[in-house]
Amino acid sequence: MPSPREQRIAVLKERASGETRVSASPETVRKLTALGAVVAVESGAGIAASISDEDYRAAGAEVGPVEVVLAGADIVFAVQGPEPALLAGVKPGAWIVGILDPFAQRARIDAYAAAGLEALAMEFMPRITRAQSMDVLSSQSNLSGYKAVLAAASAYGRAFPMMMTAAGTVSAAKCFVMGVGVAGLQAIATARRLGAQVSATDVRSATKEQIQSLGAKPIFVENVAGIEGEGSGGYATEMSEEYQRAQADLVSSHIAKQDIVITTALIPGRAAPRLVTDAQIATMKPGSVIFDLAAPQGGNVEGCVADQVVERHGVKIIGYSNTPAHLPADTSALYSRNLFNFVSAFWDKEHGGPVLDEEIGDAVRLTRGGQVVNPRLLG
1285 MPSPREQRIA VLKERASGET RVSASPETVR KLTALGAVVA VESGAGIAAS ISDEDYRAAG
1345 AEVGPVEVVL AGADIVFAVQ GPEPALLAGV KPGAWIVGIL DPFAQRARID AYAAAGLEAL
1405 AMEFMPRITR AQSMDVLSSQ SNLSGYKAVL AAASAYGRAF PMMMTAAGTV SAAKCFVMGV
1465 GVAGLQAIAT ARRLGAQVSA TDVRSATKEQ IQSLGAKPIF VENVAGIEGE GSGGYATEMS
1525 EEYQRAQADL VSSHIAKQDI VITTALIPGR AAPRLVTDAQ IATMKPGSVI FDLAAPQGGN
1585 VEGCVADQVV ERHGVKIIGY SNTPAHLPAD TSALYSRNLF NFVSAFWDKE HGGPVLDEEI
1645 GDAVRLTRGG QVVNPRLLG
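Start counting at 1 in the sequence shown, then tack on 1284, and there's your number in our numbering.
Laid out in structure tokens, this is it:
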């Protein structure tokens, strides 16, 4: 039996439809064990991410059925929030650490509070320097931006790079990225590596230099003020009506010339903003492709349906409900490191486990002492 000071960390198999990621890797199991934790992994948790039960055992984890793994757990690692009924057997006040989707899953958060659990939403991690290595949104968005371009390239019926052959020249594809956060920047870089002519736009004027640094052309509304800074969590805030009209006009004139469009705009807790209308899609060339990374929140593109290929006016519209799950080995590896970096940064040897400070603790903590305590959920 573990000593009273040893923290038991349970790693669950994901149960949400289509979720292929896992919240710990053999690498992080070894590191957590070195801290003094006992790590218990539910059997089969890593299979979809190409990690076997034996890999976990070799790294020092206990592996077993869910009820054994959760028994006496101090901390539960997950990708998506587990159902509260699953968590019977954990210690009172146990941490539930994952991407908990608090706005859409408020009933689940209330249930965590009622059960006396301390829910910690990793997507609420503040975007400050010392928390960069814990930022799950950045790590997952990075690979999502990469995957979006690959999926669009696969659906596109032509080559991305310019090719000069004896039979003639193949023109380079034109790719337009809308929204230049972490996913957008990676989409730009990936499309450039594949040889496309890339342009990009954003409502934040500070992103112009970032776009240019990757060799892409910035497309911006010049005569109407956009957003100089960023909103909560590094996201852009909503645009003024004047800017929305000017942006729509600019997009309409530019999008008709594009072969590939990648949209990435999200506002936490709200439906995704509409960036591309059906009328704009109708101006694009037949065979063009749009990949909508905002599909899980309603989509930036009119007509987008998550996990379906929709064709409008000869243009294919693609969007996954869970893009990171399409690269499970790498997204799991990065997510697992985010969680380890989070726990290890606050590990207190005398306490025998992590003790959060006020700045980060208040940001990510949703529930405590039987109550919902996060200001973003109480406003």
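All C-beta atoms in this analysis are idealised placements derived from N, C-alpha and C, irrespective of residue type, glycine included.
Just so it is clear, the structure is predicted and the values come from calculations on it, not from any experiment.
Taking only the alpha-carbon atoms, compute the straight-line gap between G1382 and K1431 and give it to the nearest angstrom.
-> Along the sequence shown, one-based indexing puts residue 1382 at 98. Along the sequence shown, one-based indexing puts residue 1431 at 147. One C-alpha to the other measures close to 22 Å.
Compute the distance between the beta-carbons of V1347 and D1358, then report whether it is under 9 Å.
-> The count along the sequence shown starts at 1 and reaches residue 1347 at position 63. The count along the sequence shown starts at 1 and reaches residue 1358 at position 74. No, they are not a contact pair.
By a C-beta neighbour count over all protein chains shown, 10 Å radius and 16 as the cutoff for buried, is A1451 buried or exposed?
-> Taking the sequence shown and counting its residues from 1, one reaches residue 1451 at position 167. The residue is exposed, with fewer than 16 neighbouring Cβ atoms inside 10 Å.
Residue nearest to I1539 in terms of C-alpha spacing, selected from L1371, A1399, P1570 = The sequence position of residue 1539 within the sequence shown is 255, counting from 1. Ranking the options by Cα distance to I1539, first place goes to P1570.
Take A1617 as the anchor and find which of A1372, G1499, Q1424 has the nearest alpha-carbon.
-> Residue mapping note: residue 1617 aligns to position 333 of the sequence shown, counting from 1. With respect to the C-alpha of A1617, the residue from A1372, G1499, Q1424 having the closest C-alpha is Q1424.
If we ignore side chains and look at the alpha-carbon of each, how far apart do M1462 and V1545 end up?
-> Residue numbering aside, residue 1462 sits at position 178 when the sequence shown is read from its first letter. Residue numbering aside, residue 1545 sits at position 261 when the sequence shown is read from its first letter. If you take the alpha carbons of M1462 and V1545, they lie about 7 Å apart.
By how many angstroms is the C-alpha of G1553 removed from the C-alpha of A1388?
-> Here residue 1388 refers to the residue found at position 104 when the sequence shown is read from its first residue. Here residue 1553 refers to the residue found at position 269 when the sequence shown is read from its first residue. Near 7 Å, if we compare the C-alpha coordinates of G1553 and A1388.
Please say whether A1397 and G1654 have beta carbons closer to each other than 9 Å?
-> For the purposes of this step, residue 1654 is identified with residue 370 of the sequence shown, where counting begins at 1. For the purposes of this step, residue 1397 is identified with residue 113 of the sequence shown, where counting begins at 1. Yes, they are a contact pair.
For L1534 and L1503, believed in contact at Cβ under 8 Å, the rounded distance = Numbered from 1 along the sequence shown, position 219 holds the residue referred to as residue 1503. Numbered from 1 along the sequence shown, position 250 holds the residue referred to as residue 1534. What sits at residue 1503 in the sequence shown is Ile, not Leu. The beta carbons of I1503 and L1534 sit about 7 Å from each other, so the pair counts as a contact at 8 Å.
Pair within 9 Å by beta-carbon distance, A1578 and M1418 | To locate residue 1578, count along the sequence shown from 1; it is residue 294. To locate residue 1418, count along the sequence shown from 1; it is residue 134. Not a contact, by the Cβ cut-off of 9 Å.
In its own chain, which residues sit with a C-beta less than 6 Å from the C-beta of V1350, not counting the 5 before and 5 after it?
-> If you number the sequence shown from 1, residue 1350 lands on position 66. Counting only Cβ-Cβ distances below 6 Å, and skipping sequence neighbours, we find E1326.
For L1534, which of helix, strand or coil comes out of DSSP?
-> Position 250 of the sequence shown, counted from the start, is the residue given in the question as residue 1534. Helix.
Would you list the one or two residues that DSSP bridges to Q1291?
-> Working through the sequence shown from its first residue, we reach residue 1291 at position 7. Answer is none; Q1291 lacks a bridge partner.
Distance, Cα to Cα, R1529 vs A1342?
-> Reading the sequence shown from its first residue, position 245 is the one you call residue 1529. Reading the sequence shown from its first residue, position 58 is the one you call residue 1342. Distance between the alpha carbons of R1529 and A1342 is about 58 Å.
Which full runs of the alpha helix (DSSP H) of 4+ residues lie inside the region 1389 to 1435, going along the chain?
-> Runs found: 1390 to 1398.
Skipping 5 residues on each side, what residues in its chain have a beta carbon closer than 6 Å to that of G1710?
-> With the chain covering only 1285 through 1663, there is no way to say anything about residue 1710.
Can you name the start and end residues of the beta strand (DSSP E) that A1324 belongs to?
-> The count along the sequence shown starts at 1 and reaches residue 1324 at position 40. Note, A1324: beta strand (DSSP E), 1322 to 1326.
Look up S1628 in the DSSP assignment and say whether it is helix, strand or coil.
-> Taking the sequence shown and counting its residues from 1, the one referred to as residue 1628 is at position 344. When DSSP states are grouped into helix, strand and coil, S1628 belongs to the helix group.
Bridge partners of Q1655, per DSSP?
-> Position 371 of the sequence shown, counted from the start, is the residue given in the question as residue 1655. In the DSSP output, where bridge partners are listed per residue, Q1655 has R1652.
So does L1662 have its beta carbon nearer than 8 Å to some heavy atom of the ligand FAD?
-> You won't find the ligand FAD in this model; it holds no ligand whatsoever.
Three-state secondary structure (DSSP) at V1363?
-> As a first step, residue 1363 must be located in the sequence shown, where it is residue number 79. Correct three-state label for V1363: strand.
E1298, buried or exposed, once every other Cβ within 10 Å from all chains shown has been counted against 16 = As a position in the sequence shown, residue 1298 is number 14, starting the count at 1. So E1298 ends up on the buried side.
Tell me the start and end of each unbroken alpha helix (DSSP H) in the region 1454 to 1502 that is at least 4 residues and wholly inside, in chain order.
-> Fully contained in the region 1454 to 1502 are the following alpha helix (DSSP H) runs of length 4 or more, in chain order: 1466 to 1477, 1491 to 1497.
Once you ignore the five residues that flank A1473 on each side, which residues in its own chain have a CB closer than 7 Å to its CB?
-> On the sequence shown, position 189 is the one that residue 1473 refers to. The residues are L1498.
To the nearest angstrom, how far is it from the Cα of K1458 to the Cα of T1548?
-> Start at 1 with the first residue of the sequence shown, and residue 1458 comes out as number 174. Start at 1 with the first residue of the sequence shown, and residue 1548 comes out as number 264. When only Cα atoms are considered, K1458 and T1548 end up about 17 Å apart.
In terms of alpha-carbon separation, which member of D1543, A1532, E1634, P1580 lies closest to V1560?
-> Within the sequence shown, residue 1560 is the residue found at index 276, counting from 1. Residue A1532 is the option with its Cα nearest to V1560.
Which listed residue (G1302, V1313, T1304) has its alpha carbon closest to that of I1293 = The residue labelled residue 1293 in the question sits at position 9 within the sequence shown. For I1293, the nearest C-alpha among the options comes from V1313.
Please look up how many angstroms separate the CB atoms of M1568 and Q1542, rounded, as I've assumed it's under 8 Å.
-> Taking the first residue of the sequence shown as position 1, residue 1568 is located at position 284. Taking the first residue of the sequence shown as position 1, residue 1542 is located at position 258. Cβ atoms of M1568 and Q1542 come within 8 Å of each other, at about 7 Å.
What residue range is occupied by the uninterrupted alpha helix (DSSP H) comprising V1599?
-> Start at 1 with the first residue of the sequence shown, and residue 1599 comes out as number 315. It is not in any alpha helix (DSSP H) - V1599 instead sits in the beta strand (DSSP E) that spans 1599 to 1602.
Reduced DSSP category for E1351 - H, G, I as helix; E, B as strand; rest coil | On the sequence shown, position 67 is the one that residue 1351 refers to. DSSP, reduced to helix, strand and coil, places E1351 within a helical segment of the structure shown.
Neighbour-count burial assignment, P1659, 16 or more Cβ in a 10 Å radius | Taking the sequence shown and counting its residues from 1, the one referred to as residue 1659 is at position 375. Counting other Cβ atoms within 10 Å of its Cβ, P1659 stays below 16 and is therefore classed as exposed.
Report the rounded CA-to-CA distance for R1558 versus S1455, giving the unit in angstroms.
-> Counting from one through the sequence shown, the residue named residue 1558 turns up at place 274. Counting from one through the sequence shown, the residue named residue 1455 turns up at place 171. Rounded to the nearest angstrom, the gap between the Cα atoms of R1558 and S1455 is 30 Å.
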